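Each residue of the sequence shown is one higher than the one before, starting from 47 at the first, in my numbering. Comments concern the structure below.
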Amino acid sequence: MSNYKLIFATNNSHKLREIQEIIGDSYKIISLKDLHFKGEIPETHDTIEGNARQKARFIFDKTGLDCFADDTGLEIDALDGRPGVYSARYAGEQCNFADNIRKVLSGMENATNRKARFRCVVTLIFKGEEYSFEGKVEGIIIPEKKGAEGFGYDPIFLPDGFDQTFAEMPPYLKNGISHRGKAITRMIRFLEAL
Ligand code: IMP
Numbered sequence: 047m048s049n050y051k052l053i054f055a056t057n058n059s060h061k062l063r064e065i066q067e068i069i070g071d072s073y074k075i076i077s078l079k080d081l082h083f084k085g086e087i088p089e090t091h092d093t094i095e096g097n098a099r100q101k102a103r104f105i106f107d108k109t110g111l112d113c114f115a116d117d118t119g120l121e122i123d124a125l126d127g128r129p130g131v132y133s134a135r136y137a138g139e140q141c142n143f144a145d146n147i148r149k150v151l152s153g154m155e156n157a158t159n160r161k162a163r164f165r166c167v168v169t170l171i172f173k174g175e176e177y178s179f180e181g182k183v184e185g186i187i188i189p190e191k192k193g194a195e196g197f198g199y200d201p202i203f204l205p206d207g208f209d210q211t212f213a214e215m216p217p218y219l220k221n222g223i224s225h226r227g228k229a230i231t232r233m234i235r236f237l238e239a240l
């Protein structure tokens with residue numbers, strides 16, 4: 047399976063970089079940019095599983111090629127599991143990462159329980175069959191941003207057992223313990239066992 051080609055159904059350049067780092071060179075990841083696909087990928091379900099599946103199906107239906115997609119949510123206990131499946135647009139349709147972080151922190155000003163987790167579901171469509179892989183990482187939400195690496199909610203997420211936020215860690219460290227790292231590693235093990 048070495049040098050096998052897989053399409054990664056995302057327009058998110060941060061995710062693409064992370065996935066390439068996690069997978070190394072045993073698989074060639076084809077991005078949507080490589081395919082000259084410029085449109086939006088629909089993401090209209092109200093579960094992470096549903097969205098991962100929808101994104102992978104959408105690209106498979108267009109190309110007929112082996113592909114995978116991920117969907118991630120940050121689940122914060124003090125916010126009853128929000129932003130969860132709405133993590134990308136938590137502060138509104140046109141929001142950016144800073145707006146989302148601001149909304150999370152303002153909703154947690156008086157929170158004593160700061161527990162949270164990133165949950166990632168990867169859907170793989172391989173030879174027309176669908177497979178799903180999950181990865182989770184537990185941690186806490188700190189009250190101020192720290193670090194400039196990574197993306198999204200990384201500057202306020204401190205994983206359990208570490209004294210650096212995801213945004214303070216070098217990429218190899220985040221990828222080694224992250225939700226996405228775990229889900230993708232599970233997918234690769236599955237492909238390697240075929
Ligand atoms: P998506 O729906 O899987 O694209 O992810 C939803 C949102 O979750 C993204 O726009 C980011 O804000 C956030 N997110 C996803 N993965 C990560 C991560 O690894 N670190 C921090 N934030 C993330």
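Using N, Cα and C, we set each Cβ at its ideal position, and we do this for glycine too. Nothing here was measured: the structure is a model prediction, and the numbers come from that model.
| Asked | Found |
| --- | --- |
| So, helix, strand or coil for residue 67, using DSSP? | helix |
| Please report the residue range of the beta strand (DSSP E) in which residue 205 lies. | 203–205 |
| For residue 181 versus residue 226, is the C-beta spacing smaller than 8 Å? | yes |
| So does the segment 81–100 actually touch the segment 141–150, counting three or more Cβ pairs closer than 8 Å? | no |
| For residue 120, which residues does DSSP report across the bridge? | 130, 164 |
| For residue 200, collect the residues of the same chain with a Cβ closer than 8 Å to its Cβ; drop the 5 residues on either side in sequence, then sort them by chain order. | 193, 211, 212, 213, 220 |
| Would you give the residue range spanned by the alpha helix (DSSP H) that residue 136 belongs to? | Taken as a continuous stretch (DSSP letters only), residue 136 belongs to no alpha helix (DSSP H), as it is neither H nor E. |
| Relative to the C-alpha of residue 66, which candidate in 238, 234, 190, 239 has its C-alpha closest? | 234 |
| For the beta strand (DSSP E) that contains residue 186, what are its first and last residues? | 175–187 |
| Within 7 Å: the Cβ of residue 226 and any heavy atom of the ligand IMP? | yes |
| In its own chain, which residues sit with a C-beta less than 6 Å from the C-beta of residue 171, not counting the 5 before and 5 after it? | 102, 106, 113 |
| Check whether the Cβ of residue 236 sits closer than 7 Å to any heavy atom of the ligand ADP, and report yes or no. | Of the ligands one can find in the structure shown, namely the ligand IMP, none is the ligand ADP. |
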